[in-house]
Amino acid sequence: QVQLGESGGGLVQAGGSLRLSCAASGRTFSAYAMYWFRQAPGKEREFVGRIYWRDDTTHYADSVKGRFTISRDNAKNTVYLQMNSLKTEDTAVYYCAALKTLGGSFDWGQGTQVTVTS
3 QVQLGESGGG LVQAGGSLRL SCAASGRTFS AYAMYWFRQA PGKEREFVGR
53 IYWRDDTTHY ADSVKGRFTI SRDNAKNTVY LQMNSLKTED TAVYYCAALK
103 TLGGSFDWGQ GTQVTVTS
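As numbered in the working numbering, the sequence shown has no gaps in its residue numbers, which increase by one up to the final residue, 120.
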């Protein structure tokens, strides 16, 4: 099981930006894909985006498309979620998750809170 640690959350005004980081433990790390999810109070956890390890292809939820960008730094075993033009409805706990193999289960981080104020 891989250990994941998110950081970078905080309080930001609407229209602002934040960059979340997800660091994976271990000297070397690889996965089938890395995901970002979020969960707002009283709501189900929802998909935000993912990056495929093999070719860096990314996919995003419609609600964040054009505003959020996922990237990775192999040397640091870290995946990033750059969030721009933040809206109050982006307020949630953000989780990264590793899918080591297709059809496998997720390894989850502990989450980081993002709060966007109007």
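Just so you know, even glycine gets a beta-carbon here, dropped at the ideal spot from N, CA and C.
Whose C-beta lies closer than 7 Å to the C-beta of residue i among residues of the same chain, with five residues either side of it excluded?
| i | result |
| --- | --- |
| Val-81 | Cys-24, Met-36, Ile-53, Ile-72, Arg-74, Cys-98 |
| Ala-94 | Arg-40, Gln-41, Ala-42, Val-116 |
| Val-32 | One detail in the question is off: residue 32 reads as Ser in this sequence, not Val. Result list for Ser-32: Trp-55, in chain order. |
| Thr-103 | Tyr-34 |
In its own chain, which residues sit with a C-beta less than 8 Å from the C-beta of residue i, not counting the 5 before and 5 after it?
| i | result |
| --- | --- |
| Ser-19 | Gln-84, Met-85, Asn-86, Ser-87, Leu-88 |
| Phe-108 | Tyr-37, Ala-99, Ala-100, Leu-101 |
Can you say whether residue i is buried or exposed, counting buried as having 16 or more other CB atoms within 10 angstroms of its CB?
| i | result |
| --- | --- |
| Gly-44 | exposed |
| Gly-105 | exposed |
| Glu-8 | buried |
| Gly-51 | buried |
List the residues that DSSP assigns as beta-bridge partners of residue i.
| i | result |
| --- | --- |
| Val-116 | Gly-12, Ala-94 |
| Thr-60 | Ile-53 |
| Gln-41 | Val-95 |
| Leu-101 | Ala-35, Phe-108 |
| Ser-23 | Ser-9, Tyr-82 |
Only counting the same chain, and skipping five residues up and downstream in sequence, which positions put a Cβ closer than 6 Å to that of residue i?
| i | result |
| --- | --- |
| Gly-11 | Thr-114, Gln-115, Val-116 |
| Gln-15 | Thr-119 |
| Glu-91 | none |
| Gln-5 | Ser-27 |
| Gln-3 | Asp-109 |
| Ala-63 | Phe-49, Val-50 |
In the DSSP assignment, find the beta strand (DSSP E) that holds residue i and state where it starts and stops.
| i | result |
| --- | --- |
| Trp-110 | 108-110 |
| Arg-74 | 70-75 |
| Ser-80 | Residue 80 is actually Thr in this sequence, not Ser. Its beta strand (DSSP E) spans residues 80-85. |
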